[in-house]
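At position 205 of the sequence shown (counting the first as 1) the number is 515 in the numbering used here, and the numbers step up by one without a gap.
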Amino acid sequence: MVLSPYLLAISLLASAVQSSGFAQSVQASDLANTPPDLSNIFITDCKISGEYGLYSYFLFPRQPVFNAHTRAIEQTEQLLRKIHKLKQRYTSTISRKQHAFYIPVSFEPQSWVTQPTEDDYNAAARWVVRNFDHQCAKELLATFPRINNTGPYILSSTRKLRQKSPWRMPVLTQDFSSTKPDESKFWISAFFKKTWQPQSWGNVALLGLRDNMQTVLFNRYHQKGQNNAAAHENQNTAPLPLKPVQIEPENTYPVNKHAQIEVNPYLDKITIQLKRNKQANNK
């Protein structure tokens, strides 16, 4: 039986406050005590309504099992917690400058998932992983053949992903399949720090985001390398070998002319690949 897919749509700067006057009257202490309001985030058939500046999707190409399943729950919980914090920082702005975030699920979740308390986050994450809509994810990922790990992935674009249609726009792809939960927590936080604040989005801004995330990863990697070296120096031993950051050449990634940017957030490797559509280049 095929369930009607719902899209768990999480707009990072969404409509909890309707006017700037009301927004100014809300105190930070009041917001801190307000549970995350995700009651209006469901869209059926993988279709997204509204127009935003940046669209991101949290996707599992297939059902995670064993260690990947445990890791997926932890990463999903980290994501939900981060979104809650971001919603507390809401500022009124036009939707064209907002970042909208989406998670496909098979059916509408109950209130303890859409409005989790502190004790509900882990259970809510388990619900999302268990009821994730893999058919919807499969359709959205149909034009990205290289996205075939367990996931989760975060795909970001200035245009909505379309089902079963050629893709012509740049997409920032982040692969968390082999990322440890403590590192994915850092990476998710860094990603939202760069994207939650209202701003003018476009392909140039998306490429700038790619460069910013590369810098974040390099600095993180470099700092951990220094810490490892200092620790071993104190023990009068040689530092652990650290692999250099690797950037694969653009020409090694043919993706049937699809425009795509890929970032793998590993501490021992970063892959940043861009393949532009020839037709777009000729414009």
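From the three backbone atoms N, C-alpha and C, an ideal C-beta is built for every residue, glycine too.
N- and C-terminal bounds of the alpha helix (DSSP H) containing residue i
{"i": "Ala445", "result": "Ala is not the amino acid found at residue 445; the sequence shown has Gln there. Per DSSP, Gln445 belongs to the alpha helix (DSSP H) from 444-450."}
{"i": "Leu465", "result": "Element bounds for Leu465: not the alpha helix (DSSP H) but the beta strand (DSSP E), 463-467."}
{"i": "Thr424", "result": "421-424"}
{"i": "Asn432", "result": "431-440"}
Exposure of residue i, with buried meaning 16 or more beta-carbon neighbours within 10 Å
{"i": "Gly518", "result": "exposed"}
{"i": "Glu428", "result": "exposed"}
{"i": "Gly461", "result": "buried"}
{"i": "Arg406", "result": "exposed"}
{"i": "Gly363", "result": "buried"}
{"i": "Trp437", "result": "buried"}
{"i": "Phe417", "result": "exposed"}
{"i": "Ile457", "result": "buried"}
{"i": "Asp485", "result": "buried"}
{"i": "Ser366", "result": "buried"}
Three-state secondary structure (DSSP) of residue i
{"i": "Gln524", "result": "helix"}
{"i": "Asp492", "result": "helix"}
{"i": "Ile498", "result": "helix"}
{"i": "Gln484", "result": "strand"}
{"i": "Gln334", "result": "With a pLDDT of 38 at Gln334, under the threshold of 50, the modelled position of that residue is not reliable, and no figure is offered here."}
{"i": "Tyr365", "result": "strand"}
{"i": "Ser405", "result": "helix"}
{"i": "Ile393", "result": "helix"}
{"i": "Val375", "result": "coil"}
{"i": "Ile358", "result": "coil"}
{"i": "Ser416", "result": "coil"}
Sub-8 Å separation of residue i and residue j beta-carbons
{"i": "Ile383", "j": "Lys470", "result": "no"}
{"i": "Trp511", "j": "Thr468", "result": "yes"}
{"i": "Asn459", "j": "Ser499", "result": "no"}
{"i": "Ala447", "j": "Glu387", "result": "no"}
{"i": "Trp497", "j": "Thr489", "result": "yes"}
{"i": "Gln425", "j": "Pro491", "result": "no"}
{"i": "His507", "j": "Ala515", "result": "Looking at the sequence itself, residue 507 is Gln, so the reference to His does not match. Result no, Cβ atoms of Gln507 and Ala515 do not sit closer than 8 Å."}
{"i": "Leu451", "j": "Pro371", "result": "yes"}
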